[in-house]
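Visitor: Going by the numbering used here, the first residue of the sequence shown is number 297, and it counts up by one from there. Quick one: the structure is below, and I'll ask about it shortly.
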Amino acid sequence: MSSLNEYPLRSLDPQTELPSELFIIILELCIEAGISPISLSHVSQRWRTTALCIPSLWKSLEIDPRSPPDMLVAHVERSQPLPVCIACDFATAEENDINIRQLWSIVMSCSERWSRLVIHYNRRTIKFIPTELRDISAPVMRTLEISTSSTDYNHTEDILRRGAPSLKQLSLGGLSINRCAFPFTALTQLRLTSKSSLPYNYFLEHMNGMHRLEELCIDGCLIKGWPREADSQVVVHLPSLRFLQLGDRFQPLFIPLQLFSAPQLHALVLHDVILPDLPEGPSGEAQIASNYPALQCLSLSGNRSSIDEELLLPMNRMFRGVTQFHLLEANDNQLNNLLWIMSSNPAIWPHAHTIAIAPMSSGCARALSHLIRSRMAAPCRLETVILDSLEGAADLPNHVSIAKWESHTLASLQTTCSALIYRFNQ
């Protein structure tokens, strides 16, 4: 449907006697392709009449400092009584911008219908948003994303003190989780990115109530005072967690790994892993291994990672059950090191049947080809290689089936992307 953006809407004859059900489907597909409902309402009288009668066409809107308030009012009114999804990008707003005030007042007027609210703002120029969120009730809101381009060290108001009982997904950037006054018991996804620190005892109090949490991302200098010993009083128990992403560059990553107990964890992403991130002795390794017995997908991300045997061997001992391994955002030197090490040491993740590499370069083609040949001869054969480009594909062995581009979901990234999939003949 992306081609609809290039297709003249008037070429769809508005006088054609299409069944109403089919006509509505066409309008909904136009919305999915990025065509605004206002544009649809200007095609013809029939299109306008129909578009104005379908609230679902008007329930989603993205606004910025230049958005006309009348457009937002139209969306709010015409989407009734459905829940609405509003994304506000106010990061570039100037101080005392009257238009921002008008837009925000309209957004606030429909808070009872917020289903998804995204706010990106600059605390230095817009100081009223957290304060005005304090006494708002959002009974049907399922997703809340708040990020500020300047860390809010001085914000003291609690937000959503009247509650958000339906909230499932929460993302905070530059704003402390301690400022959220509502309970987190229903959350399934949580992303925390901040340079402002939060004492571990507060973090522990919040996290231990999240028994339904399935996805957790922590990035930045966020938690202050991580305990060095993982006794029962300080361990965070996350019984439903399936995905964990860590990137705290001010603490060794093994510390939170020892303090999270997630027996159902499937995918783990570690950013910029270096040797000091790992536990020093067997007891620390054993603790981490016991915390994640179901782990199958491991991803190392970032060009600062130390990819050598000193890093890979202890990680192999901690995560023995890995069947999918992803190396992301690495440079050629890191990628070559990984491929040659895994080629020469089949004991490193011997059950890995899938390897994903992004980005892939021609400078690593020989090492990749050698890995494929060596792993295809192993007892647990390599089945799939996922690349993000054709770079280096020419040197792959002829055992591969016909490669094709297809939509593939990388569990480590929680995203669907176009990838080159190589599947090997058995």
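Idealized CB from N, CA, C, for every residue including glycine. None of the values given here were measured: they were computed from a predicted structure.
For residue 588, which three-state DSSP category applies?
Guide: coil
Visitor: Near residue 344, which residues of its chain fall below 6 Å by C-beta distance, leaving aside the five closest residues on each side in sequence?
Guide: So the qualifying residues of the chain are 337.
Visitor: Assess, as a yes-or-no matter, whether the stretch 343 to 362 is touched by the stretch 415 to 426 under the definition of 3 or more beta carbon pairs within less than 8 Å.
Guide: no
Visitor: Which whole-angstrom value describes the C-beta separation of residue 543 and residue 573, a residue pair presumed to lie in contact below a C-beta threshold of 8 Å?
Guide: In fact, because the Cβ distance is near 11 Å, the residues do not count as touching under 8 Å.
Visitor: Go to residue 663, then tell me how far its alpha helix (DSSP H) extends in each direction, as first and last residue.
Guide: Here the alpha helix (DSSP H) through residue 663 covers 661 to 672.
Visitor: Can you give the Cα-Cα distance for residue 468 and residue 437, rounded to whole angstroms?
Guide: 15 Å
Visitor: Which residue or residues does DSSP assign as beta-bridge partners of residue 416?
Guide: 385, 443
Visitor: To test your reading of the DSSP string, which unbroken alpha helix (DSSP H) runs of 4 or more residues are found completely within the stretch 551 to 600?
Guide: 578 to 587
Visitor: Helix, strand or coil: how does DSSP classify residue 722 here?
Guide: Only weak support exists for where residue 722 lies, its pLDDT of 46 falling under 50; the value from the coordinates is given anyway. Three-state result, residue 722: coil.
Visitor: Taking its Cβ as the centre, do 16 or more other Cβ atoms sit within 10 Å of residue 578, making it buried, or is it exposed?
Guide: exposed
Visitor: Taking the straight line between their C-alpha atoms, what separation do you get for residue 497 and residue 484?
Guide: Rounded to whole angstroms, residue 497 to residue 484 spans 21 Å at the Cα level.
Visitor: Less than 8 Å between the C-beta atoms of residue 650 and residue 625, yes or no?
Guide: no
Visitor: On the CB-based measure, 16 or more other CB atoms within 10 Å of its CB, does residue 589 come out buried or exposed?
Guide: Under this definition residue 589 is an exposed residue.
Visitor: With distances taken Cα to Cα, identify the nearest neighbour of residue 612 among 600, 627, 596.
Guide: Here the closest residue by C-alpha is 596.
Visitor: Specify the secondary structure class of residue 645 as computed by DSSP and reduced to three states.
Guide: Note: residue 645 maps to coil in three-state DSSP.
Visitor: For the alpha helix (DSSP H) containing residue 372, list its first residue and its last residue.
Guide: 365 to 374 is the span of the alpha helix (DSSP H), which, as asked, contains residue 372.
Visitor: Relative to the C-alpha of residue 380, which candidate in 394, 411, 370, 360 has its C-alpha closest?
Guide: 411
Visitor: So if DSSP puts residue 512 in a beta bridge, which residue, or which two residues, is it bridged to?
Guide: Listed as beta-bridge partners of residue 512 by DSSP are 486, 540.
Visitor: Since I believe residue 482 is in contact with residue 508 (beta carbons under 8 Å), could you give me their beta-carbon distance rounded to a whole number of angstroms?
Guide: Yes, they are in contact, since the Cβ atoms of residue 508 and residue 482 sit about 6 Å apart, within 8 Å.
Visitor: Any idea what DSSP makes of residue 681, helix, strand or coil?
Guide: strand
Visitor: Under 8 Å, with one C-beta from each stretch per pair, do the stretch 601 to 619 and the stretch 658 to 668 reach the 3-pair mark?
Guide: no
Visitor: How far does the beta strand (DSSP E) with residue 467 in it reach, from first residue to last?
Guide: Membership of residue 467 in the beta strand (DSSP E) is indicated by the continuous run 465 to 469.
Visitor: Could you tell me whether the Cβ atoms of residue 584 and residue 608 are closer together than 8 Å?
Guide: no
Visitor: Locate the alpha helix (DSSP H) running through residue 630, then write down its first and last residues.
Guide: 628 to 640
Visitor: Give the secondary structure of residue 607 by DSSP, where H, G and I count as helix, E and B as strand, and everything else as coil.
Guide: helix
Visitor: Can you tell which of 480, 466, 502, 533 has the C-alpha that lies nearest to the C-alpha of residue 486?
Guide: 466
Visitor: Using the rule of at least 16 other Cβ atoms within 10 Å of the residue's Cβ for burial, across every protein chain shown, is residue 394 buried or exposed?
Guide: exposed
Visitor: According to DSSP, what are the bridge partners of residue 473?
Guide: Answer is none; residue 473 lacks a bridge partner.
Visitor: How far does the alpha helix (DSSP H) with residue 341 in it reach, from first residue to last?
Guide: 341 to 348
Visitor: Does DSSP put residue 357 in a helix, in a strand, or in coil?
Guide: strand
Visitor: Report the residue from 519, 639, 615, 372 whose alpha carbon sits nearest the alpha carbon of residue 565.
Guide: 615
Visitor: Compare the C-alpha of residue 646 against each of 478, 674, 365, 346 and name the closest.
Guide: 674
Visitor: Rounded to whole angstroms, what's the CA-CA distance from residue 315 to residue 322? Just pull it up for me.
Guide: 11 Å
Visitor: With 16 other CB atoms within 10 Å as the buried threshold, where does residue 581 fall?
Guide: buried
Visitor: If distances are taken between C-alpha atoms only, which option among 500, 658, 554, 334 comes closest to residue 369?
Guide: 334
Visitor: Taking only the alpha-carbon atoms, compute the straight-line gap between residue 699 and residue 641 and give it to the nearest angstrom.
Guide: Reliability of the predicted coordinates at residue 699 is poor, the pLDDT of 42 falling under 50, and the value obtained from them is presented with this limitation in mind. If I take the Cα positions, the gap works out to 27 Å.
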